[in-house]
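Protein chains: 2
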Amino acid sequence: MPVELNFDKGDGLLPAIIQDAKTGKVLMLGFMNKEALEQTLQTGKVHFYSRTRKKLWMKGETSGHVLEVLDIYIDCDADTLLIKVNPKGPVCHEGYLSCFYRTLRKDGELTIVEEKLFQPEEVYGKGA
Amino acid sequence: MPVELNFDKGDGLLPAIIQDAKTGKVLMLGFMNKEALEQTLQTGKVHFYSRTRKKLWMKGETSGHVLEVLDIYIDCDADTLLIKVNPKGPVCHEGYLSCFYRTLRKDGELTIVEEKLFQPEEVYGKGA
């Protein structure tokens, strides 16, 4: 593609921020390698590269909660993506609307600030 | 701090998404090491670790456009932060409100979608 994205700074990966286009809520962050970005552009559905499993995956491939791409933004340094999406269900594998369901206080304490929308084992199976 | 953040996955760094608390606009993404997060918590102003310059810095130390912290969220895997802020000026060193001032089309073409609010050399000096 004509634009030169800087994959080198992150060892071949770019962070991709996922934001709900309608509500403005930040839903999650994942990493993309070149292949994940190409798949995302081609299919219109968000794909990531998993740093833990070391493989490409489509968000929602198990749960059905895919992320439909509306707009992709790149930052000034061309090393971060912001993707506005139409989410087809709650995003977090823990059962919350977003992965950012906890706030961190100055003393390190966490508070859950979202409601649990589904039980992970019912969507992802017993291994979840 | 009591919460165990996973700094290992990113070689000692966590991505931190910066979102305007009032407008919901995603302004930028930076990386934090433990020290940057501690400084952020202690001062209430966003600090990052620069991967390029390999040093801690406070956003706005040159421009005055500091990011006042309102709330910090951590994600399900405890390896990403979302920080809601009150920004004291445009965030991008290129002179835009946010660093995500360009959209990426499927064919790789970029379109500028924000208005330039300042000339970088007037804020950062001739080296900008």
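Chains as they are written, first to last, in our numbering: chain A, 178 to 305; chain B, 178 to 305.
In this text, a Cβ means the ideal position worked out from N, Cα and C, and glycines have one as well.
Please read these numbers as outputs of a predicted model, since none were measured by experiment.
So the candidates are G302(A), E298(A), D197(A); which of them puts its Cα closest to the Cα of L247(A)?
The residue you call residue 247(A) lines up with position 70 of the first sequence. The candidate whose alpha carbon is nearest that of L247(A) is D197(A).
Closer than 8 Å, Cβ to any Cβ of chain A: which residues of the stretch 243-263 of chain B, in chain order?
The stretch 243-263 of chain B vs chain A, Cβ under 8 Å: D248, I249, Y250, I251, D252, C253, D254, T257, L258, L259.
Quick one: does E271(B) have its CB under 8 Å from some CB of chain C?
Judged by its chain identifiers, the structure shown contains no chain C, and its protein chains are A and B.
What three-state label does DSSP hand L218(B) in the structure shown?
Taking the second sequence and counting its residues from 1, one reaches residue 218(B) at position 41. Note: L218(B) maps to helix in three-state DSSP.
How would you list, in chain order, the residues of chain A whose beta-carbon sits under 7 Å from the beta-carbon of T280(B)?
As a first step, residue 280(B) is located in the second sequence; it is residue number 103 there, counting from the start. Per Cβ cutoff of 7 Å: D248, I249, Y250.
Can you confirm whether G302(A), when its beta carbon is compared against all beta carbons of chain B, has any partner nearer than 8 Å?
Residue numbering aside, residue 302(A) sits at position 125 when the first sequence is read from its first letter. Not closer than 8 Å to any Cβ of chain B, the Cβ of G302(A) fails to qualify, so no.
Please report how far the alpha carbon of P192(A) lies from the alpha carbon of P297(A), in whole angstroms.
Here residue 192(A) corresponds to residue number 15 of the first sequence, with the count starting at 1. Here residue 297(A) corresponds to residue number 120 of the first sequence, with the count starting at 1. In a straight line, the C-alpha of P192(A) is about 25 Å away from that of P297(A).
When DSSP labels each residue in this structure, what does A193(B) get in the three-state scheme?
As a first step, residue 193(B) must be located in the second sequence, where it is residue number 16. Strand at A193(B).
Spatial neighbours of A255(A) within its chain, please: CB distance less than 6 Å, with the 5 preceding and 5 following residues excluded, ordered by chain position.
Reading the first sequence from its first residue, position 78 is the one you call residue 255(A). The answer, listed in chain order, is L182, N183.
For A305(A) and chain B, any beta-carbon pair shorter than 8 Å?
Translated into positions along the first sequence, residue 305(A) becomes position 128. A caution first: A305(A) carries a pLDDT of 49, below 50, which makes its placement in the model unreliable, though a value can still be read off. No, A305(A) does not count as interfacial toward chain B.
When you check each C-beta in the stretch 179-203 of chain A against every C-beta of chain B, which residues fall closer than 9 Å?
Residues passing the 9 Å Cβ filter: P179, V180, L182, K186, G187, D188, P192, I194, Q196, T200, G201, K202, V203.
Thinking L294(A) and P267(A) are a contact (beta carbons under 8 Å), I'd like their distance in whole angstroms, please.
Numbered from its first residue, the first sequence carries residue 294(A) at position 117. Numbered from its first residue, the first sequence carries residue 267(A) at position 90. That belief holds up - the Cβ atoms of L294(A) and P267(A) are roughly 5 Å apart, short of 8 Å.
For the stretch 281-290 of chain B against the stretch 217-232 of chain B, are there 3 or more C-beta pairs whose distance is under 8 Å?
Not touching, per the Cβ criterion.
Tell me the residue span of the beta strand (DSSP E) that contains E155(A).
The question about residue 155(A) has no answer, for chain A in this structure spans 178 to 305.
Determine the burial state of V243(B): buried for a count of at least 16 other Cβ atoms within 10 Å of its Cβ, exposed for fewer.
As a first step, residue 243(B) must be located in the second sequence, where it is residue number 66. Buried.
So what does H224(B) bridge to, in DSSP terms?
For this step, residue 224(B) is matched to residue 47 along the second sequence. Looking at the DSSP assignment, H224(B) forms a beta bridge with M235(B).
Reducing DSSP to helix, strand and coil, say where G187(A) ends up.
Residue mapping note: residue 187(A) aligns to position 10 of the first sequence, counting from 1. DSSP places G187(A) in helix when its eight states are reduced to three.
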